[in-house]
Every structure is written in structure tokens, then in C-alpha cells.
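Just below is one structure, and these are the notes that go with it.
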Amino acid sequence: MKVDADTCQDLGRALSLEWLETNGRGGFVSGTVAGANTRRYHALLLVARKPPSERFVLVNHLEEWVEVNGQAIPLSTNCYPGAVYPEGYKSCCCFTADPWPTWTYDCAGASIQREILCVQGRDLVIVRWRLLKKTKGSVTLRVRPMLSGRDYHSTHRENAELDSRLVESDQMVTWHPYHDLPAVRACHTGTYRHEPDWFRQVQFSIDRQRGLDHAEDWWSPGELTYQLKAGEASTLVFTTESIESLDVAALIEAEQEHRAHIQQSAPSSDPLAHRLWLAAAHYLSERGNQQTVIAGYPWFTDWGRDTFIALPGLCLATGRTDVAWQVIESFSAHVSEGMVPNRFPDVGEQPEYNTIDASLWFIHAIDRYLAASRDDARVRAMVWPAVKEILDGYRRGTRYGIRMDEDGLITGGVPGAQLTWMDAKVGDWVVTPRHGKPVEIQALWIRALEVGDMLARRFDEADYADRCRNDRTRAIASFRDRFWYEPGGYLYD
């Protein structure tokens, strides 16, 4: 994806275009083409302490200026009450998302490139600047990191509890503003001057539109200075890892090879296919020793329903059958009372089970996995018991009034619980409860019984297969009788 100068220099359009980098551990980096943060979720170092959950924002932004022969020109952009300052977007002549977010600025004849990338499997973000076009005289870059230290759903305010001390060694600065959160380490190729200050009332326009608190205060510990030279890269790395030194060039090369490998696995040379294959990888994350699927950015973690709806496309269509298996195995370990989790909370140990359909999508995903892998032995040994537990749990009844009714269809629902994909809830008010027998749940149930029949016969459990087949026959007859509206030619909800 490439954005031209006209769009980059149109503030409204540039603020509306967002980019995303992920690290495969639940952490991510995101922002806008304009450079200004418009959401509380936009950040430069956002890590998951218990991947992919317990996410915290540690580094929010960079304030960047270049001096070309004494003329100061901003690269960064921020929004404040009634003002935009600085206005770095006015110097941006190009943005591209490939292979990672990259901006090119025209600064009084000096062409400067700025790149941001996450390193896979690590809580580590690299920012790199390069002088592409030489100019007479010196080109100096000044960078102020903006830090907070907060849950990613919240906002940060100036306070007296913040610890402004630092630990500095050769090309490494460590800040630890809040001792109950990880320290931030900055590995750089410039010079650092410690000069703490607060940047107050940064405005998040998207949060304002959503009716949320939309102002935040950032703490800036000091300033980094770089002398940009043609043919040389200047870098700044943020991480929570304990490191002595970094080979940044090697990290960037390895990340480039990693992304190229993903693109080359696409069955087509079409650039769109390459983008889709890379985009699919952004939704895969660690959970313990397994893999899971992120339900969406910027605020979701892994949700059962979304995971198993998306699994065939994210993993099986892209040839990641091993990842698909890890996701299936991970959720199967949490089957309880015939249900897979709806979601894993951001903070806490216990998964939540308020979903009527995630377990049925789970069974469908197992069938799709088996079709792609032909791995009967592993499915039989590891997840077939979970499939039977789900089918039997729905038959006899489980949480939230979910059970098979006398007509063979699935009913469910209790006051205060949202169980289907229409899961909006405001306080104690469930906006669309859909208690009873939602149409898509019946289709998923009939499909799950078909898969149960097929797997039981494959695994030499004829009695269980017959039970599934009989239940499916009864459910199909009831479905046709209750849901088809002949005069209109459609199904009831």
C-alpha cells in the first residue's frame, strides 16, 4: 500500500489512514499516516505481559525534528485542544506499508526516510531514519520519546508517583517510570540528554467520537540527537527485554526474510495475495506454549467465536496447518461443561463461557482441519473427546440455559447474558438478547451433529454415530418446520 504526497499532506485524510505492526505475542505498534495518535490504542511500544493478554502501553509516541542548515523542520504531528503542533505531515511526501510502515519527508532539500517495525516473537520495536538525499551542510535529528505506563484501555495523567530517574550505559538508556510495570530500555546510535518534561492534553479524536476520555498526558524523559549522514542508518530500539547490546541490522534483515518467506508461500504472485498472507499473520499470537487467534485490533484479544470462524482462512488456506492445530489444541484444553471459552479476559486467569455458538464453530473448524491435514490419529487422540463432550453437553444442558430441546433444536439464554454474535451489552442491559432458538445456532448444531456422525464412524464408534445421525435427522425436520417462511422465501431469525 502506497500513499502519495497529496494524501499525506491532507491532515483529515492522513489521520483517517491507520497502520499496524504486530509481534506475535499480543503486542502491537499502530498509528496514523499523519503521525498523530487518534486513539488510546495507538502506541510505539505496547506489550502483553501474559501473551496475548495484560496489555500495557509503555511508549506512546516520538516527537521528531530535523535541523537542516539551521532550519528546524518537524517530522512528527500531535493534536492538542484547538491546535495541531508540530505539523510534520506537511513535509511528508510518501507513505508505504511494505515491508513495514515507512515515511519519506522532504525537509528543505534533504530527503529523510523513517521506518517502524516490530520484531516477531519479541517485545522489541525498531525505528530507523536514513538520509536518502544529500544536502549541503549538516542534518541533525532530535527525538523526544513520549512515555506513559498504563493499561491499554485507559489513559494517562501527569502525576507525582512517576519515577523520573534513569540508568544509562554505552548507547543504552533505561527508564522505569512505574515499578509495577516493565522497565523501558532504549538502545540508540545517537547521544542522549536527560531532560524530563510533560506533554499535556494530547487529544485522541477517534476516542472523542466514541464518547470516551480523549485527552492524555505524556512524560518525556529527555532528548536523543543524531547527526544524519547519507548511506548511514540512525536507529532507536525500544524493548522491555534485558539486553546488553543489539545487532539492529541483523534484526532488520531477519525480519525482512521472515516477511518475504510468508509472501513467497502465497499461491499467487499477485501483490494482493502477498498482502493478505502477511495480514493473516498479524492475527496469530502466542498463548503459553500454543498459538491463538486475535479477534481484532486494536482492543480484542482471543475470542472463541471469532477464532474458529477465522481459522480456516487465517491458517488452513495459508498452509499454516500446524498453527491451526495449536489453536484447536489450546482451546480444547479449556472445554468445560461442553463449552469452549468465549474469551480470555485481559487480566485474570479464568476464561469466560458466555457463548452459544463458539463450541459449534470449534467442531466445524476441527472438520476443516481434518480435511486439510488428514491427521486422523491426532484428532482422535487429542480432540475427539472434546467434540463428544460438547455434543453431550448441549444434549443434556449446560451453562446459560443452553440445551437441546424436545424438537432436537438448541435453545438458550438467561437474563443478563448475551450469547450470540449480536453481543452488545451496556451495563446490565443486553441490547439484543436473542434468547430461545436463533436460526444460525440451529444450522451450526445440525452441522456439528454431521461432523460427530462422520468422526464417530471413522473412529469405529457406531453407536455414537447413530445417535448423532438420529439427532441430526430430528433437528433438520424441526428446522424446516419452524424456520422456513414459505410466502417470503426466507428463514425466520
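In our numbering, the protein residues as written are 194 to 686.
Ideal Cβ positions, reconstructed from N, Cα and C, are used throughout, including at glycine.
This structure is a prediction, so every number in the text was calculated from the model and none was measured.
C-alpha of Q313 to C-alpha of C508: approximately 17 angstroms in a straight line. Scanning the region 274 to 358 from its first residue to its last, the whole beta strand (DSSP E) runs of 3-plus residues come out as 276 to 280, 285 to 289, 295 to 300, 303 to 311, 317 to 326 and 332 to 344.
By the beta-carbon neighbour count (other beta carbons within 10 angstroms, threshold 16), A564 is exposed. DSSP, reduced to helix, strand and coil, places K630 outside both helices and strands of the structure shown, so it counts as coil. For P389, the secondary structure class from DSSP, reduced to helix, strand or coil, is strand. Within its own chain, the residues whose Cβ lies closer than 6 angstroms to the Cβ of L325, once the five positions on either side in sequence are excluded, are S304 and Q306, listed in chain order. Shortest Cα-Cα distance from E351 to any of T548, R403 and S413 involves S413.
In this structure, F288 is the residue among P274, F288 and F249 with its C-alpha nearest to the C-alpha of L268. Taking G601 as the centre and dropping the five residues before and after it, the same chain places the C-beta of D664, R667, A668 and S671 closer than 7 angstroms to its C-beta, in chain order. Excluding five sequence positions before and after D646, the CB atoms of its chain that fall closer than 6 angstroms to its own CB belong to A658, C661 and R662, given in chain order.
Annotated three-state conformation of K195 is strand, per DSSP. Distance between C380 and L251, taken at the CA atoms: about 15 angstroms.
Taking T433 as reference, the option from G220, L204, W212 and L684 with the minimal CA-CA separation is G220. The beta-bridge partner set that DSSP reports for L477 consists of V486. Put simply, the backbone Cα of Q394 is about 5 angstroms away from that of D410. Between T225 and H475 the beta-carbon gap is near 17 angstroms, outside 8 angstroms, which marks them as no contact. For P578, there is no enclosing beta strand (DSSP E); the residue is found in the alpha helix (DSSP H) stretching over W577 to R589. Boundaries of the alpha helix (DSSP H) harbouring L204: L204 to S209, taken from the DSSP string. Here the C-alpha atom of V576 lies approximately 26 angstroms from the C-alpha atom of D598. In this structure, F524 places its C-beta atom within 9 angstroms of the C-beta atom of T485. When DSSP states are grouped into helix, strand and coil, H235 belongs to the coil group. In this chain, the alpha helix (DSSP H) harbouring D656 covers A655 to F676. Taking the Cα of P245 as reference, the smallest distance to any Cα among G342, A426 and T494 is reached at T494.
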